[in-house]
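Q: Residue numbers (the working numbering): 2 to 349.
Quick one: this structure, given as structure tokens, is what I'll be asking you about.
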Amino acid sequence: MTTLTAPRDLPQTDARDHSALLDDLRQAIGDTYVVTNAKDFDARLIEDRGLRRGTALALLRPGSTEEVATCMRLCHAAQVPVTPQGGNTGLAGGGVPNGGVILTTERLNQIRQVYPTNATMTVEAGCILANIQAAADGVDALFPLSLASEGSCQIGGKLSTNAGGTAVLRYGNTRDLVLGVEVVLPDGRVLNDLNGLRKNNTGFDLKHLFIGAEGTLGIITAAVIKLFPKPTARATTLVACTGPEPALALYARMRGQAADTLSTFEYIDRLGLQMVIDHAPGCSDPMTEAHPAYCLIELTGNGAQADLDTRLESALEAAFEAEEIIDAVIGASEAQKDALWALRENLS
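Written out as structure tokens, the structure reads:
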């Protein structure tokens, strides 16, 4: 059942009196977790590429949903804007503050429940994506959201931006991987919709208002996410083509011939690949000649590896005959497959 609860009553703070607000925040979540020296949170004022810099009164580090709610209630009363941040790995500047305070979810980092029977996991917003993947792997399952920053990005940011990831073709965007959410609204009220029911047709599906809203409607503090069977086989290739048009034709072919085993189809132009080759340690061009464009393709499944390899090779043979591709490298071992993936992951 979806419930909406209000935090305990808090003193109203003069919108012009930031020192009073900061005192109230310190009392609410502790002196240690209200950082006011900008030098101590300078990295939080800059987006990952260093192209944008913002300003903020303070960095707030609440450790629970209740503390997030308290912070929001106080800031709402003081008319001070709040910029939520997760791992701050975004490249579009969405987490750069424009005054007000930064609220980081980094201390909300608990996996509350792993439920293998229902194939779900309840996670807090500050959980590192790679840790969620590892927890799923620990019960012989898969959480399929994967991207280059998974070692440092937080699941709250992926929910907030409705991230696609490299397996979006098979599993969908982040919103397709979520059953329920817990959200703190701008005024501090808490919306608890942590529903793990898969066949849920009870009224409005409120989670979709918040997933992809980038914190504008509320701060997601927890979510129930879906787990999937872990693939036992994968076939990976990097193919070369002359540009977008043959790549689109190849994509249509792969959808037809690979069907539901097609997990990844990533287009990479030569400039991007050359940047990786020139600057990423350990990365080299797997082909003997440079080409205008490339596609990284991966099939995954739970059948025999040989069957998946045959399906990939058959599709590539047809693509060569149709002049959709001009070269291809197939990963023959797990190490070779990982090396092909490194070319893509080092792009960002």
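Beta carbons: idealized from backbone N, C-alpha and C, even for Gly.
All values reported here derive from a predicted model rather than from experimental measurement.
Can you tell me whether K227 is helix, strand or coil according to DSSP?
A: Residue mapping note: residue 227 aligns to position 226 of the sequence shown, counting from 1. Residue state, collapsed to three classes: strand.
Q: Closer than 8 Å by C-beta to T90: which residues in its own chain qualify, once you throw out the five before and the five after it? Chain order, please.
A: Along the sequence shown, read from residue 1 onward, the residue named residue 90 stands at position 89. Taken in chain order, the residues that qualify are D49, S150, S153, C154 and G158.
Q: Which residue's Cα is closest to the Cα of R190: A135, T222, I212 and G197?
A: Translated into positions along the sequence shown, residue 190 becomes position 189. Ranking the options by Cα distance to R190, first place goes to T222.
Q: Considering only DSSP beta bridges, list what P85 is partnered with.
A: Sequence index remark: in the sequence shown, residue 85 carries index 84 (1-based). Paired residue(s): L104.
Q: Would L46 and P98 be called neighbours here (beta carbons separated by less than 8 Å)?
A: Locating residue 46 in the sequence shown gives position 45, where the first residue counts as 1. Locating residue 98 in the sequence shown gives position 97, where the first residue counts as 1. Cβ distance < 8 Å, so L46 and P98 count as in contact.
Q: Contact defined as beta carbons within less than 8 Å: I believe P82 pairs with G100. What is the distance between those atoms, to the nearest angstrom?
A: Taking the sequence shown and counting its residues from 1, one reaches residue 82 at position 81. Taking the sequence shown and counting its residues from 1, one reaches residue 100 at position 99. Between G100 and P82 the Cβ distance is about 6 Å, and since that is below 8 Å, they are a contact.
Q: For Q114, write down the residues that DSSP places opposite it in a beta bridge.
A: Locating residue 114 in the sequence shown gives position 113, where the first residue counts as 1. The partner list for Q114 (beta bridge, DSSP) reads T123.
Q: When the Cα of D25 is compared with those of A79, D41, S65 and T66, which residue comes out closest?
A: Mapped onto the sequence shown, residue 25 falls at position 24. Comparing Cα-Cα distances from D25 to each of A79, D41, S65 and T66, the minimum goes to A79.
Q: Does the separation of the CB atoms of L61 and V35 fall below 8 Å?
A: The sequence position of residue 61 within the sequence shown is 60, counting from 1. The sequence position of residue 35 within the sequence shown is 34, counting from 1. Closer than 8 Å, so yes.
Q: For the pair the stretch 250 to 262 and the stretch 201 to 212, tell me if three or more CB-CB distances fall below 8 Å.
A: Too few Cβ pairs lie closer than 8 Å, so no.
Q: Looking at the unbroken beta strand (DSSP E) that takes in V97, where does it start and where does it end?
A: If you number the sequence shown from 1, residue 97 lands on position 96. Premise fails: V97 is in no beta strand (DSSP E) and is neither H nor E.
Q: Sorted by chain position, which residues of the same chain lie with C-beta nearer than 6 Å to I103's C-beta, five sequence neighbours on each side aside?
A: Translated into positions along the sequence shown, residue 103 becomes position 102. Within the same chain, I103 has close Cβ partners R45, A57, L60, T84 and Q86.
Q: Thinking just about the alpha-carbon of each residue, which of A93, A250, Y295 and P245 is nearest to the one in R330?
A: Position 329 of the sequence shown holds residue 330. Per the sequence shown, residue 330 should be read as Val rather than Arg. Of the candidates A93, A250, Y295 and P245, the one whose C-alpha sits nearest the C-alpha of V330 is Y295.
Q: Can you tell me whether P145 is buried or exposed, with buried defined as 16 or more other CB within 10 angstroms of its CB?
A: To locate residue 145, count along the sequence shown from 1; it is residue 144. Buried: at least 16 other Cβ atoms inside 10 Å.
Q: Assuming the contact rule is C-beta atoms closer than 8 Å, I226 and L178 should be a hit. Round their C-beta distance to whole Å, please.
A: One-based indexing of the sequence shown puts residue 226 at position 225. One-based indexing of the sequence shown puts residue 178 at position 177. I226 to L178, Cβ: 6 Å. Contact.
Q: Please check the pair A29 and C72, which I expect to be a contact at CB under 8 Å, by giving their CB distance rounded to whole angstroms.
A: Counting from one through the sequence shown, the residue named residue 29 turns up at place 28. Counting from one through the sequence shown, the residue named residue 72 turns up at place 71. With 8 Å as the limit, A29 and C72 qualify as a contact, their Cβ atoms being about 7 Å apart.
Q: Going by C-alpha to C-alpha distance, which of E183, S20 and K200 sits closest to A70?
A: The residue you call residue 70 lines up with position 69 of the sequence shown. Among E183, S20 and K200, the Cα nearest to that of A70 is on E183.
Q: Below 8 Å between beta carbons: does that hold for L148 and T265?
A: Residue mapping note: residue 148 aligns to position 147 of the sequence shown, counting from 1. Residue mapping note: residue 265 aligns to position 264 of the sequence shown, counting from 1. For L148 and T265, no; Cβs fall outside 8 Å.
Q: Return the residue from the list D138, S65, T33 and L92 that minimises the CA-CA distance to I220.
A: Position 219 of the sequence shown, counted from the start, is the residue given in the question as residue 220. Nearest option by C-alpha distance: S65.
Q: Buried or exposed: which applies to E325, given that a residue is buried once 16 or more other Cβ atoms fall within 10 Å of its Cβ?
A: Within the sequence shown, numbered from 1, the residue matching residue 325 stands at position 324. Burial call: buried.
Q: Buried or exposed, going by whether 16 or more other CB atoms sit within 10 Å of the CB of D41?
A: Here residue 41 corresponds to residue number 40 of the sequence shown, with the count starting at 1. Exposed, because fewer than 16 other Cβ atoms sit within 10 Å of the Cβ of D41.
Q: What does a CB cutoff of less than 8 Å around L195 pick up in its chain, not counting 5 residues either side in sequence?
A: Sequence index remark: in the sequence shown, residue 195 carries index 194 (1-based). Contacts found: T123, G181, V182, E183, A223, A224 and V225.
Q: Just how far apart, CA to CA, sit A21 and R27?
A: Here residue 21 refers to the residue found at position 20 of the sequence shown. Here residue 27 refers to the residue found at position 26 of the sequence shown. Rounded to the nearest angstrom, the two C-alpha atoms are 10 Å apart.
Q: Put A59 into one of helix, strand or coil per three-state DSSP.
A: Position 58 of the sequence shown, counted from the start, is the residue given in the question as residue 59. Correct three-state label for A59: strand.
Q: Taking the alpha-carbon positions, what's the Q306 to R312 distance?
A: Mapped onto the sequence shown, residue 306 falls at position 305. Mapped onto the sequence shown, residue 312 falls at position 311. Looking at the two C-alpha atoms, the distance is approximately 10 Å.
Q: Who pairs with R235 in a beta bridge, going by DSSP?
A: Numbered from its first residue, the sequence shown carries residue 235 at position 234. Its beta-bridge partners are T301.
Q: Select from D279, I327 and N303 the residue whose C-alpha is nearest the C-alpha of P293.
A: Position 292 of the sequence shown, counting from 1, holds the residue named residue 293. Closest option to P293, Cα to Cα, is I327.
Q: Thinking T237 and E318 are a contact (beta carbons under 8 Å), I'd like their distance in whole angstroms, please.
A: Within the sequence shown, the letter at position 236 stands for residue 237. Within the sequence shown, the letter at position 317 stands for residue 318. The Cβ separation is near 17 Å, so there is no contact.
Q: What do you reckon, are the CB atoms on L309 and A234 nearer than 8 Å?
A: The residue given as residue 309 occupies position 308 in the sequence shown. The residue given as residue 234 occupies position 233 in the sequence shown. The answer is yes: Cβ separation under 8 Å.
Q: Report the option in G51, R113, Y172 and V185 whose CA atom is closest to the CA atom of P63.
A: By one-based count along the sequence shown, residue 63 stands at place 62. Minimum Cα distance to P63 is reached at V185.
Q: By the three-class DSSP mapping on this structure, what secondary structure does E68 have?
A: On the sequence shown, position 67 is the one that residue 68 refers to. In the structure shown, E68 sits in a helix (DSSP, three-state: H, G or I).
Q: How is T14 classed by DSSP in three states: helix, strand or coil?
A: Start at 1 with the first residue of the sequence shown, and residue 14 comes out as number 13. Residue confidence for T14 is low, a pLDDT of 39 falling below 50, so the modelled location carries little weight; the figure read from the coordinates is stated next. Coil at T14, not helix or strand.
Q: Are the beta-carbon atoms of G302 and A343 separated by less than 8 Å?
A: Walking along the sequence shown from the start, residue 302 turns up at place 301. Walking along the sequence shown from the start, residue 343 turns up at place 342. Contact flag unset, no.
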